[in-house]
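Heads up, the thing below is written out as structure tokens.
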Amino acid sequence: MAKWCHGLMGGEIGLIGINLGNASGLFSHTWQFNLSGFDADVDSSGPGAVDFLRNSGIDLERNLSEGIPVDEFA
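Take any residue in the sequence shown, count from 1 to its spot, add 1: that is its number in our numbering.
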């Protein structure tokens, strides 16, 4: 995800992922929140960032219409 964060930094947020783990680095819980704030056709992004998300299975168009509004997530 570091590539995604770098590619979209400074623009609208498209998704947030949270991982909880222990001191040994074992993850016990993971959540992904798809937000409606990022429009791939309008918002700026780094080279390859949108392709990276789409190739990872993120449906940006669906998130735009059905995702959690950013101001309601906070």
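All residues carry an ideal CB built from backbone N, CA and C; glycine is no exception.
What three-state label does DSSP hand residue i in the structure shown?
{"i": "residue 66", "result": "helix"}
{"i": "residue 56", "result": "helix"}
{"i": "residue 21", "result": "strand"}
{"i": "residue 27", "result": "coil"}
{"i": "residue 34", "result": "strand"}
{"i": "residue 51", "result": "helix"}
{"i": "residue 40", "result": "coil"}
{"i": "residue 8", "result": "Summary for residue 8: the model assigns pLDDT 47, below 50, so the residue's position carries little reliability; its value from the coordinates is reported in the next sentence. Correct three-state label for residue 8: helix."}
Which whole-angstrom value is the C-beta distance of residue i and residue j, which I expect to be below 8 Å?
{"i": "residue 14", "j": "residue 38", "result": "5 Å"}
{"i": "residue 28", "j": "residue 20", "result": "5 Å"}
{"i": "residue 41", "j": "residue 16", "result": "Not confirmed; about 12 Å, so no contact."}
{"i": "residue 33", "j": "residue 18", "result": "5 Å"}
To which residues does DSSP link residue i through a beta bridge?
{"i": "residue 16", "result": "35"}
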